[in-house]
Amino acid sequence: MDSDTLLKIDGLKTWFHGESGEIKAVDDLSLTLKKGQTIGIVGESGSGKSVTSLSIMRLLPPASARIAGGTISYLGRDLVKLPEREMRGLRGREIGMIFQEPGTSLNPVFTVGEQVCEVIRLHEHVSAKVARERTIKLFTEVGIPDPASRIDAYPHEMSGGQKQRVMIAMALACDPQLLIADEPTTALDVTIQKQILELLASLQSRRGMSMLFISHDLGVISEVADEVAVMFRGKLVEYGPIESLFVSPQHPYTKGLLACRPRLDTPYRHLPTVADFMEIRGTVETGLQLTEKRVDPVRFQELTAVGRGRLYHPETPLVTEDAGKWAPADAATVPTGQHPLLSVHDLQVHFPIKRGLFRRTVGQIRAVDGVSFDVYRGQTLGLVGESGCGKTTTGRAIVQLVRPTGGSIQFSGNDVTRVGSTEMAVFRKRVQYIFQDPYSSLNPRLKVGSILTDVMMANQRGTSKNDRRDRAAALLTEVGLEADHLDRYPHEFSGGQRQRVSIARALAAEPEFIICDESVSALDVSVQAQVLNLLKHLQNTRGLTYVFISHDLSVVKFMSDMMAVMHAGKIVEFGPSDRIYAAPRHEYTRKLIASIPDASIETLVSRIRERAQCRKSHY
Amino acid sequence: MTSSTSPSVSRGFWEETWKRFLRNKTAVVALIFVGFLGLVAIFSPAIAGTKPIVCKYKGKLYFPALGYFRESWENPIFVKDKFFKKYARNLPRKDPESWAIWPLSFNDPYRVVAENEWPDRPANPLGNESGPSKQNWFGTDETGIDVFAKMVHGTRIALLVGFVSMGIATTIGLIIGAISGYFGGWVDMILSRMTEVVLCVPTLVLILAIFSLIREPSIWHTMAIIGATAWTGISRLTRAEFLRIKQSDYVAAARVSGISTPRIIFRYILPNALAPVLVPITFGIAAAILTESSLSFLGFGAPPPNPSWGTLLSSAQTNHQLWWLVVYPGLAVFLTVLSYNLIGEALQQATDPRLRERGK
Chain H
3 MDSDTLLKID GLKTWFHGES GEIKAVDDLS LTLKKGQTIG IVGESGSGKS VTSLSIMRLL
63 PPASARIAGG TISYLGRDLV KLPEREMRGL RGREIGMIFQ EPGTSLNPVF TVGEQVCEVI
123 RLHEHVSAKV ARERTIKLFT EVGIPDPASR IDAYPHEMSG GQKQRVMIAM ALACDPQLLI
183 ADEPTTALDV TIQKQILELL ASLQSRRGMS MLFISHDLGV ISEVADEVAV MFRGKLVEYG
243 PIESLFVSPQ HPYTKGLLAC RPRLDTPYRH LPTVADFMEI RGTVETGLQL TEKRVDPVRF
303 QELTAVGRGR LYHPETPLVT EDAGKWAPAD AATVPTGQHP LLSVHDLQVH FPIKRGLFRR
363 TVGQIRAVDG VSFDVYRGQT LGLVGESGCG KTTTGRAIVQ LVRPTGGSIQ FSGNDVTRVG
423 STEMAVFRKR VQYIFQDPYS SLNPRLKVGS ILTDVMMANQ RGTSKNDRRD RAAALLTEVG
483 LEADHLDRYP HEFSGGQRQR VSIARALAAE PEFIICDESV SALDVSVQAQ VLNLLKHLQN
543 TRGLTYVFIS HDLSVVKFMS DMMAVMHAGK IVEFGPSDRI YAAPRHEYTR KLIASIPDAS
603 IETLVSRIRE RAQCRKSHY
Chain C
4 MTSSTSPSVS RGFWEETWKR FLRNKTAVVA LIFVGFLGLV AIFSPAIAGT KPIVCKYKGK
64 LYFPALGYFR ESWENPIFVK DKFFKKYARN LPRKDPESWA IWPLSFNDPY RVVAENEWPD
124 RPANPLGNES GPSKQNWFGT DETGIDVFAK MVHGTRIALL VGFVSMGIAT TIGLIIGAIS
184 GYFGGWVDMI LSRMTEVVLC VPTLVLILAI FSLIREPSIW HTMAIIGATA WTGISRLTRA
244 EFLRIKQSDY VAAARVSGIS TPRIIFRYIL PNALAPVLVP ITFGIAAAIL TESSLSFLGF
304 GAPPPNPSWG TLLSSAQTNH QLWWLVVYPG LAVFLTVLSY NLIGEALQQA TDPRLRERGK
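Quick mapping for you: the protein sequence lines, in order, are chains H and C. Per the working numbering: the first sequence = residues 3 to 621. Per the working numbering: the second sequence = residues 4 to 363.
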C-alpha cells in the first residue's frame, strides 16, 4: 500500500435486509483517500452516501444491516474485521465525525464544554483541568467567540451555527487523522453554511488531516473537495478530480446533476433534468440499466424558449432604472393602471411571549414587522431570507393560518383580514398553499383520491362523486402522475411524487393564486428541477399567480419576476429579481449572494491551486 | 416519474398494522386465546349447564339454556309445569315423547347437582373428596357446586366487565381529550384539571364507598364506576395527539382548502389520533378484569349466586387444602390479563412509527 494512503475502500458492499429482501444500500464502492486530501461524496437521498460513512465508522444498525463484502483499510488495518473494542478506540481518536443536525447531536442536559472534555478524557488520560484548557483552545480554533465563558453554555443557549462549531471541536478533540462530515451544513442557513465551509477548509489544511465530505449539493462539495465521488442508488458512477468532473463530466447522471441546479446566471426558462441525460430502466432489485441519451440541442433550445419571460411591476423607477444593464431582452412589465391581485400593506404579525402562572404577556416577538408588497396577476413574487426572517409567517398570514396583528391584506380589492365567513369561503377557493414537507402535509389515512375530492367538495367543485373522481384523475395526469394513483396512500409515493400530490391538491380548488412555501426545499436536486418545471408549466397553462417562498436565492431567482429579500421581519430590498442579483443595493442582500457556493470553473481552479500551495507548505 | 417501487395493492394504515401484528407470534396466540374466551362466553350455557340447549316438549321446541343469560328467556311453561329447574329428571317424566340436546358437561354453576338428577349420576362430592374427576372436571367448591361450570359462566362476566367498562371509558376519554386538545385555551385548562382530579381517585376505594351506599350493588355498578374512572389515560393521550396533529401541515392544508371544522376533526385528526389510544384501551381491559376479580375476592363483587372467577378465588381463602379452587380460576385470570397485555404491547409495536421503522 502507498505510504501516503490513509483510507482505502475496496469493493464495499453494505446491504440492508428489509421486508422485501435485501436492499443494496452500497454496492461495490471503491475509493482511495490520501493523507491531507478531501474527497466529496455526492448523491441524492437513498444513494448510499451516508451508509458509506456509517460503514467506515461501523455504526450501522446491527439488526438490519451488514457489510456483505469488500474491505475498508485504514492505515493498513481492515476496519470491516476489526474487533468492536479496537474500533471503539479508533472512533473519535483517529476518525472524527460531524453529523447533519447539530441540534440533536448534542446532549441537552450537559454543557457543551463537558461534552467536549468527556471526549478528550475518554481517549487520553489527562486531568479535568487540562481537558478544559484544551477545550477552550479548540473552541478558539473553531471560532466560537468568548470561548472561556461559552464553554459553560448549554446547547439550547447556542445558535445552530455555533452548535455545529461545537460538534466540529468535539470531532477534532483528539487530533483525528480523518474527519467524516456527513451533510454538516444542510441544516444551516446559507450565510452560516459559508462560514462553516470556510472553517472546515482552513482547519483541514492547517492540521493536514483528511476529510470525507458528504453532501447532496455539488456546489457545497466544490467548495472543499479535491476529488469527487458521485453515487447513484448505491453505485459509484463517477469518481475523479473535481475540476475534471466540473469541466467534462463523463457519466450522464453527473451531467444531469450539474445541469439541473438553477444557477444564478441560468439561461433556461425551464430546467434540464437528469431524465434529459439518461434513461433508467429496471429496479434496484433486478439491477438498474442506465443508458445515456443523446443530448438533443433542440430540446435545450426549447428549455430557454418555452414559457414567458420576466414580468415586472408597472413602469416606475424601481423597474426602469438602469434596466439596460440587467434586464433580459424578453422582460415585460405589467401595464400601468392595472390593479394588483394581492396587495399587502404594513403587515405585522407579533407573537406574545407569555410567562408565569397567569400567562401574562411580558413581551412580543415581531415575526413580521411592517411588510408591504404588491403582486400582479400572472406574476411570481419571490420571498427570500434565512430561517426566522418571517417569510413563512408572511405566507401563512396571507391565507389566514396566522392572524395578523396589524396591517391589511387586500385580495382583488377585499381586505381578507376583515371579511365575513361567506367571503372567506370565496377567498379560500381562490388562494391555495403548497407546504414545504411533502411527508407531513398529506393526511396519511386518506387515499390520494379522497385527499383531492375532499378539497373539491369543500369548494363546491364538480357536480357528482364520479365527476369529482374524474377531475381528480385528470389533475394527477396534469401534475405528472398516473390516474390509477388515486387509490394509493401517500406513504407509497416518493418525496417528489408526494409534492406533486400536494400541488394537485392545491389545484383541486381551482385557485388563481398559490403560495409555495419552501415547496422544493425538502426535495433532491434532480427532483427539485422537475417540480420547478411543473410549477412554471402550470403557471403558463392555468394563468396562476405565485408567491414563492424559499431560503435558496438561486431557486427564487429562477422562479420569480419580482423578489423581496427579508431579514428580521422586514423587507430589506425589493425589486426585479434580475436587478437584485445583478446590482444588489442592501448590505444583507450582498452577503446572501456571496454565500452561495460558487462552482464556476475559474474559482474552482484557483481554489485548488491555493489548497495545493497550502499542502506543500504543510509537509 | 413511473412508480416502479409502489406495490400493486395499496395497503392502508390499519391493514399494514394488522400485517405487522400478525408477525408477533405470541400476540397472535394471545389474540386467539381471547377469541376462544369470547366463544366460551357466548356458548357457556351449551358447555356447562343442567338445562337442555334444545328440547322438544309437548310438541314444541324450547331453548331453556338461554335462561342462563337471563331468567325471563326461559319459557314460563317450565315453571308452570313445576320443573324446579330439574330438566333431566322431569322432561321424560312429564312428556315421554320429548327429546333434548344437553350441554357438554352436566353441571350447574348456581347449585349443587343432586343424586340421580341425571340417570345414574351421583351427587356432587363435598369436602376433601371434591377434587377434579371425570364428573367434575375442575372439582367442586366447598358447597359442592361444580368449579368448571362456574368458571365457564364466569367468563361472561370477566369479558363483559372488560368491554363495557372500557367502552364507557373510551367514549368519555376520546370526547374529553378531543375537545381539550382541539380547542385548547381555557377549555383545555378546565378539562385537564378535571382529568387530574379523576386521576387521583382510587377506583377500588371509590367502588367500596359507593357499594356501601347503594342498596343492591350489581356487576353493572362495578362496570360503570370502572368506566367512569379509567378514562383519564385515554383522554390525556387523545389530547396530546390532537395537540400534535392540530399543528401538522396536513391539517393546515385542509384548513386552507376550506374544509369544515367537524370534518377536520373527524376525518383528518381523529383517525390519526386513534392508533396510540388503542394501546391503553387494551391495557385498560386487562386492568378492569383484574379490578373485578379483586373486588369479588374481597367479597364485593357480583353478588353471590353469580359465578365469578374472583368469587371462586375468595372461597379458596378459607379452604386451603382445596387447591383446585386456587389453580384454575387463578390461571384463568392470569392468562386473560396476560393475553390482553400482550395484545396491547403488540399493538403498540405495530402502530408506533418509531418501533415500526426499527422492524424494517
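No residue lacks a Cβ here, since even glycine has one placed at the ideal position from N, Cα and C.
Worksheet item: Counting contacts by CB-CB distance shorter than 7 Å, is residue 271(C) in contact with chain H?
Response: To locate residue 271(C), count along the second sequence from 1; it is residue 268. Taking Cβ atoms only, chain H reaches closer than 7 Å to residue 271(C), which makes this a yes.
Practice prompt. Check whether the segment 180 to 187 of chain C touches the segment 242 to 258 of chain C, counting contact only when three or more Cβ pairs, one atom from each stretch, lie closer than 8 Å.
Written response: Yes, the segment 180 to 187 of chain C touches the segment 242 to 258 of chain C.
Worksheet item: In this structure, what does DSSP give as the bridge partners for residue 549(H)?
Response: Taking the first residue of the first sequence as position 1, residue 549(H) is located at position 547. Answer is 383(H) and 517(H).
Item to complete: May I ask which residues mark the beginning and end of the alpha helix (DSSP H) holding residue 168(C)?
Response: The residue you call residue 168(C) lines up with position 165 of the second sequence. Looking at the DSSP string, the run of the alpha helix (DSSP H) that includes residue 168(C) is 150 to 186.
Practice prompt. Output, in sequence order along the chain, the residues in the segment 224 to 251 of chain C whose CB is closer than 7 Å to any CB in chain H.
Written response: 251
Discussion item. Residues of chain C with CB closer than 7 Å to the CB of residue 401(H), please, in chain order.
Written reply: Locating residue 401(H) in the first sequence gives position 399, where the first residue counts as 1. Chain C residues near residue 401(H): 259.
Discussion item. If you reduce the DSSP assignment to three classes, tell me which class residue 601(H) lands in.
Written reply: For the purposes of this step, residue 601(H) is taken as residue 599 along the first sequence, with counting starting at 1. Of the three classes helix, strand and coil, the one that applies to residue 601(H) here is coil, per DSSP.
Discussion item. I'd like to check one pair, residue 233(H) with residue 71(H): are the Cβ atoms closer than 7 Å?
Written reply: Here residue 71(H) corresponds to residue number 69 of the first sequence, with the count starting at 1. Here residue 233(H) corresponds to residue number 231 of the first sequence, with the count starting at 1. Not in contact: residue 71(H) and residue 233(H) (Cβ atoms no closer than 7 Å).
Worksheet item: Could you give the uninterrupted runs of the alpha helix (DSSP H) lying entirely in the segment 291 to 330 of chain H, keeping only those of 4 residues or more?
Response: For the segment 291 to 330 of chain H, whole alpha helix (DSSP H) runs of length 4 or above, ordered along the chain, are 299 to 307, 319 to 322 and 325 to 328.
Item to complete: Return the chain-ordered list of same chain residues with a C-beta closer than 6 Å to the C-beta of residue 7(C), the five sequence neighbours on each side being excluded.
Response: Along the second sequence, one-based indexing puts residue 7(C) at 4. Because residue 7(C) carries a pLDDT of 40, less than 50, the predicted location of this residue cannot be relied on, and the following value inherits that uncertainty. Nothing meets the Cβ criterion.
Practice prompt. Please determine if the segment 502 to 513 of chain H and the segment 537 to 547 of chain H are in contact, where contact requires at least 3 C-beta pairs separated by less than 8 Å.
Written response: yes
Worksheet item: Using 7 Å as the limit for Cβ to Cβ distance, is residue 444(H) near chain C?
Response: Here residue 444(H) corresponds to residue number 442 of the first sequence, with the count starting at 1. So yes, residue 444(H) belongs to the interface.
Worksheet item: Helix, strand or coil: how does DSSP classify residue 179(H) here?
Response: In the first sequence, counting from the first residue as 1, residue 179(H) sits at position 177. Note: residue 179(H) maps to coil in three-state DSSP.
Practice prompt. Label residue 152(H) either buried or exposed according to how many other C-beta atoms from any shown protein chain fall within 10 Å of its C-beta, with 16 as the threshold for buried.
Written response: Numbered from its first residue, the first sequence carries residue 152(H) at position 150. Buried is the call here.
Worksheet item: Residues in its own chain within less than 7 Å of residue 478(H) by CB, not counting five upstream and five downstream?
Response: Locating residue 478(H) in the first sequence gives position 476, where the first residue counts as 1. Hits under 7 Å: 484, 485, 487, 488 and 506.
Worksheet item: residue 92(H) lies in the alpha helix (DSSP H); which residues open and close that run?
Response: Along the first sequence, read from residue 1 onward, the residue named residue 92(H) stands at position 90. First-last of the alpha helix (DSSP H) with residue 92(H): 86 to 92.
Worksheet item: Comparing alpha-carbon positions, which option in 394(H), 374(H) and 496(H) lies nearest residue 526(H)?
Response: If you number the first sequence from 1, residue 526(H) lands on position 524. Of the listed residues, the one whose Cα sits closest to residue 526(H) is 496(H).
Worksheet entry | Rounded separation between residue 19(C) and residue 284(C) - CA only | Within the second sequence, the letter at position 16 stands for residue 19(C). Within the second sequence, the letter at position 281 stands for residue 284(C). The straight-line gap from Cα to Cα measures roughly 20 Å.
Item to complete: Would you check if there are 3 or more beta carbon pairs closer than 8 Å linking the segment 340 to 354 of chain H to the segment 396 to 409 of chain H?
Response: yes
Worksheet item: Does any C-beta atom of chain H lie closer than 7 Å to the C-beta of residue 275(C)?
Response: Indexing the second sequence from 1 puts residue 275(C) at position 272. Interface residue, yes.
Worksheet item: From the DSSP output, which residues share a beta bridge with residue 371(H)?
Response: As a position in the first sequence, residue 371(H) is number 369, starting the count at 1. Residue 371(H) pairs with 350(H).
Discussion item. I'd like to confirm the pairing. Which residues does DSSP put opposite residue 578(H) in its beta bridges?
Written reply: If you number the first sequence from 1, residue 578(H) lands on position 576. BP columns for residue 578(H) point to 564(H).
Item to complete: Can you have a look at residue 511(H) and say buried or exposed, based on whether 16 or more other CB atoms are within 10 angstroms of its CB?
Response: Reading the first sequence from its first residue, position 509 is the one you call residue 511(H). That one is buried.
Worksheet item: Exposed or buried, which one is residue 320(C) when buried takes at least 16 other CB atoms within 10 Å?
Response: Working through the second sequence from its first residue, we reach residue 320(C) at position 317. Per the 10 Å Cβ criterion, exposed.
Item to complete: Report the partner residues of residue 58(C) according to the DSSP bridge assignment.
Response: For this step, residue 58(C) is matched to residue 55 along the second sequence. According to DSSP, which records beta bridges pairwise, residue 58(C) is partnered with 65(C) and 103(C).
Discussion item. Which residues in chain H have a C-beta closer than 9 Å to the C-beta of residue 263(C)? List them in chain order.
Written reply: Locating residue 263(C) in the second sequence gives position 260, where the first residue counts as 1. Residues of chain H passing the Cβ test: 460.
Item to complete: Go through its chain and collect everything with a Cβ distance to residue 89(H)'s Cβ below 6 Å, but skip five positions before and after it.
Response: Here residue 89(H) refers to the residue found at position 87 of the first sequence. For residue 89(H), where only same-chain residues beyond five positions count, the Cβ hits under 6 Å are 60.
Practice prompt. State the start and end residues of the unbroken alpha helix (DSSP H) segment that holds residue 338(C).
Written response: The residue you call residue 338(C) lines up with position 335 of the second sequence. Run containing residue 338(C): 327 to 354, per the alpha helix (DSSP H) assignment.
Item to complete: Would you check if the segment 78 to 97 of chain H and the segment 247 to 262 of chain H touch, i.e. whether three or more CB-CB distances between them fall below 8 Å?
Response: Because the criterion of three Cβ pairs below 8 Å is not met, the segment 247 to 262 of chain H and the segment 78 to 97 of chain H do not touch.
Worksheet entry | Of the listed residues 299(C), 186(C), 294(C) and 198(C), nearest to residue 248(C) (C-alpha basis) | Taking the first residue of the second sequence as position 1, residue 248(C) is located at position 245. Among 299(C), 186(C), 294(C) and 198(C), the Cα nearest to that of residue 248(C) is on 186(C).
Worksheet entry | Boundaries of the alpha helix (DSSP H) in which residue 451(H) is found, first to last residue | As a first step, residue 451(H) must be located in the first sequence, where it is residue number 449. Here the alpha helix (DSSP H) through residue 451(H) covers 450 to 460.
Discussion item. Given a cut-off of 7 Å on the beta-carbon distance, is the pair residue 164(C) and residue 291(C) in contact?
Written reply: Counting from one through the second sequence, the residue named residue 164(C) turns up at place 161. Counting from one through the second sequence, the residue named residue 291(C) turns up at place 288. Between residue 164(C) and residue 291(C), the C-beta spacing is below 7 Å.
Item to complete: Please classify residue 360(C): is it buried, with 16 or more other beta-carbons within 10 angstroms of its beta-carbon, or exposed?
Response: Position 357 of the second sequence, counted from the start, is the residue given in the question as residue 360(C). At residue 360(C), the pLDDT of 47 sits below 50, so the modelled position is not reliable and the matter cannot be decided from this model.
Fill in: CB contact below 7 Å: residue 360(H) versus chain C
For the purposes of this step, residue 360(H) is taken as the residue at position 358 of the first sequence. Answer no: the Cβ-Cβ gap between residue 360(H) and chain C never drops below 7 Å.
Discussion item. Beta-carbon within less than 8 Å of residue 255(H)'s beta-carbon, same chain only, minus the 5 sequence neighbours each way: which residues are those?
Written reply: Numbered from its first residue, the first sequence carries residue 255(H) at position 253. Cβ neighbours of residue 255(H) beyond the five flanking positions: 232, 234, 239, 240, 276, 279, 280 and 292.
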